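Read left to right, the sequence shown gives residues 0 to 212 (numbering that gives the first Met the number 0). Structure record follows, encoded as structure tokens.
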Amino acid sequence: MTRLFTAALALVLLAGCSSDPNYRSPMVTVVQQLRTQLTLMREAQQLPPPEAVLAATEAPVILVTSESTGLAGYLVEIETNGPVHTFGTSDRRSMSFNGGLLVATRGLGDDLMSTDVTAALAALRGATGAVTAGPEFTARREVLLLGGAGGSERFVFDCTYARVEDGVVTERCAGPEARFTNSFSVGPDGHLLRSRQWISPNLGSVDIQHLRH
Numbered sequence: 000m001t002r003l004f005t006a007a008l009a010l011v012l013l014a015g016c017s018s019d020p021n022y023r024s025p026m027v028t029v030v031q032q033l034r035t036q037l038t039l040m041r042e043a044q045q046l047p048p049p050e051a052v053l054a055a056t057e058a059p060v061i062l063v064t065s066e067s068t069g070l071a072g073y074l075v076e077i078e079t080n081g082p083v084h085t086f087g088t089s090d091r092r093s094m095s096f097n098g099g100l101l102v103a104t105r106g107l108g109d110d111l112m113s114t115d116v117t118a119a120l121a122a123l124r125g126a127t128g129a130v131t132a133g134p135e136f137t138a139r140r141e142v143l144l145l146g147g148a149g150g151s152e153r154f155v156f157d158c159t160y161a162r163v164e165d166g167v168v169t170e171r172c173a174g175p176e177a178r179f180t181n182s183f184s185v186g187p188d189g190h191l192l193r194s195r196q197w198i199s200p201n202l203g204s205v206d207i208q209h210l211r212h
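Below, the structure written as structure tokens:
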């Protein structure tokens with residue numbers, strides 16, 4: 000997890016490319032400065048301001064913070080495949096989301112290979128409304144985690160979903176291997192603004208802020 004974010008801004012260098020070899024875009028200079036700051040401040044757990052990162056690219060950007068290490072960094076959207084949006088770094092570390100819900104990671108070590116978020120998506124669709132809380136419902140969530148020899152291990156969790164207040168949904172899951180609580184803050188337009196989401200037993204949970212959709 001400690002190297003997850005070090006190269007996140009390398010991708011946005013493409014925004015300043017030109018066919019003229021003598022041309023030096025001001026955007027390239029800005030991004031290079033941001034990359035330097037990110038590298039130097041990483042141990043101090045400091046980052047360039049979000050405004051500077053957003054000014055350096057038009058792509059969607061997320062800010063991810065690991066609860067277990069305290070390290071944080073920006074990831075830029077690099078690919079879309081139907082409803083799945085993948086954010087990543089230039090060294091092929093990535094996080095994929097469906098409707099803002101984490102469905103896969105790659106390159107982190109104990110990766111989340113895939114997961115079924117059907118019930119969670121249904122809960123988020125009812126996240127905003129006239130009342131401040133909604134009825135709870137339960138569902139099973141299947142999770143595939145990276146196992147030995149590059150294979151996958153299947154885990155099943157019993158999860159309870161609840162709208163605890165307008166725009167805020169919680170997902171409390173329990174299984175033989177782990178227990179975790181995810182929380183989701185949804186804006187009036189239905190976009191996920193911020194969330195706490197579990198990856199795997201060893202990686203724990205991360206805080207995710209969607210700075211630009």
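C-beta: ideal position from N, C-alpha, C; glycine also. Bear in mind that the values here come from a model prediction, so they are computed numbers and not experimental data.
| request: Please classify residue 53: does DSSP put it in a helix, a strand, or coil? | output: helix
| Between residue 116 and residue 139, is the Cβ-Cβ spacing less than 8 Å? | no
| said: So for residue 146, helix, strand or coil by DSSP? | reply: coil
| field | For residue 88 and residue 206, believed in contact at Cβ under 8 Å, the rounded distance | value | In fact, because the Cβ distance is near 18 Å, the residues do not count as touching under 8 Å.
| said: Quick check on DSSP: helix, strand or coil for residue 289? | reply: This structure does not reach residue 289, given that the chain is present from 0 up to 212, and the question cannot be answered.
| task | Under the assumption that residue 169 contacts residue 161 (Cβ atoms under 8 Å), give the Cβ distance between them as a whole number of angstroms. | result | 5 Å
| residue 88 (DSSP reduced to helix, strand or coil) | coil
| query | With burial defined as no fewer than 16 other Cβ atoms inside 10 Å of the residue's Cβ, what is the status of residue 119: buried or exposed? | reply | buried
| First and last residue of the uninterrupted alpha helix (DSSP H) at residue 191 | Not the alpha helix (DSSP H): residue 191 falls in the beta strand (DSSP E), residues 191 to 199.
| query | Which residues share a DSSP beta bridge with residue 124? | reply | Paired residues: none, contrary to the question.
| said: Could you check whether residue 181 and residue 199 sit closer than 8 Å to each other, using their CB atoms as the reference points? | reply: no
| request: Report the three-state DSSP secondary structure of residue 138 (helix, strand or coil). | output: strand
| query | Helix, strand or coil for residue 118 per DSSP? | reply | helix
| request: Return the first residue and the last residue of the beta strand (DSSP E) that residue 164 is part of. | output: 151 to 164
| field | First and last residue of the uninterrupted beta strand (DSSP E) at residue 176 | value | Run containing residue 176: none; DSSP gives neither H nor E here.
| Residues near residue 174 in its chain [Cβ-Cβ closer than 8 Å; skip 5 each side] | 154, 155, 156, 157
| said: Looking at the secondary structure, which residues open and close the beta strand (DSSP E) in which residue 186 lies? | reply: Here residue 186 belongs to no beta strand (DSSP E), and DSSP marks it neither H nor E.
| Chain-order list of residues whose beta-carbon lies under 6 Å from that of residue 171 (same chain, five-residue window excluded) | 159, 180
| Cβ of residue 73 within 8 Å of Cβ of residue 60? | yes
| message | Against chain B, does residue 205 count as a neighbour if the rule is that its beta carbon must be under 8 Å from one of theirs? | response | Included in the structure is just one protein chain, with no chain B present.
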